[in-house]
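**Q** Next up is a structure, given as structure tokens.
Residue numbers (the numbering used here): 33 to 242.
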């Protein structure tokens, strides 16, 4: 009798969690990409009227200099989506089904990479690096699941960050920040300000503190 009751309780708990997760996955809307990544009308007209790739690259560079982007395209230029007319945020990609650019498109892997990044290394100003966003297994896990252990198995949003600014490995961080004039807004500082990094050497992040 008690065994049957236990089975029923466990079954219904698992079934409830499954359905909750399914509906969260299916019906949760994607976060909107902030307007600051969109080209102004004048910038877009200048871009489509540019008669060579170098001029287009310069126009995109000019419009991206005040954005928090560190990723580049395969040829080292600013990542731009012609369909959405936006400068792509880091780790965002265009979805042909949604017909829109999606923040941090695709699911997470153990090494804090999406499957797209696993197949094609993300490019930084210093070159491609498949491990560029890898903060170590522990910190990768905490960045995705958050610091509250009680919520790790609950299908609610617990991930840290805002979806378009990401901490990266130390060997890139200093050089990338020096090449941008971007100033964080108060909301962005609150979003990523809960993370402080402690390091014991140049390349390894050893602890995430909240």
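Glycine included, C-beta positions come from ideal geometry on N, C-alpha and C.
Extract the residue ranges of the alpha helix (DSSP H) inside the region 59 to 85, only unbroken runs of 4 or more that lie entirely within it.
**A** Correct list: 73 to 81.
**Q** Apart from the five residues on each side of it in sequence, which residues of its chain come closer than 7 Å, Cβ to Cβ, to residue 88?
**A** So the list reads 79 and 82, once near-sequence residues are dropped.
**Q** Report yes or no: do the region 46 to 54 and the region 93 to 106 share at least 3 C-beta pairs separated by less than 8 Å?
**A** Result no; under three Cβ-Cβ pairs closer than 8 Å.
**Q** Sort 170, 187 and 155 by Cα distance to residue 108 and report the nearest one.
**A** It is 155.
**Q** Expressed to the nearest angstrom, what Euclidean distance is found between the alpha-carbon atoms of residue 86 and residue 184?
**A** Their backbone Cα atoms lie some 47 Å apart in a straight line.
**Q** In whole angstroms, what is the alpha-carbon distance linking residue 175 and residue 73?
**A** Computed Cα separation, rounded: 36 Å.
**Q** Would you list the one or two residues that DSSP bridges to residue 112?
**A** Beta-bridge pairing links residue 112 to 119.
**Q** What are the start and end residues of the beta strand (DSSP E) that includes residue 134?
**A** First-last of the beta strand (DSSP E) with residue 134: 132 to 134.
**Q** To the nearest angstrom, how far is the alpha carbon of residue 193 from that of residue 135?
**A** For residue 193 and residue 135, the distance between alpha carbons rounds to 12 Å.
**Q** Residues in its own chain within less than 7 Å of residue 153 by CB, not counting five upstream and five downstream?
**A** Excluding sequence neighbours, residue 153 sits near 160, 161 and 162.
**Q** State the Cα-Cα distance for the pair residue 142 and residue 58, rounded to the nearest angstrom.
**A** Model confidence at residue 142 stands at a pLDDT of 47, short of 50, so the residue's coordinates are unreliable and nothing is read from them.
**Q** When DSSP labels each residue in this structure, what does residue 129 get in the three-state scheme?
**A** Coil, per DSSP.
**Q** Can you look up residue 104 in the DSSP assignment and give me helix, strand or coil?
**A** Correct three-state label for residue 104: strand.
**Q** Excluding the 5 residues preceding and the 5 following residue 92 in the sequence, name in chain order all residues of the same chain whose CB lies nearer than 6 Å to its CB.
**A** Correct list, in chain order: 110 and 112.
**Q** Considering just the uninterrupted stretch of the alpha helix (DSSP H) at residue 174, what are its terminal residues?
**A** Taken as a continuous stretch (DSSP letters only), the alpha helix (DSSP H) holding residue 174 covers 169 to 177.
**Q** Classify residue 155 as helix, strand or coil using the three-state DSSP reduction.
**A** In the structure shown, residue 155 sits in a strand (DSSP, three-state: E or B).
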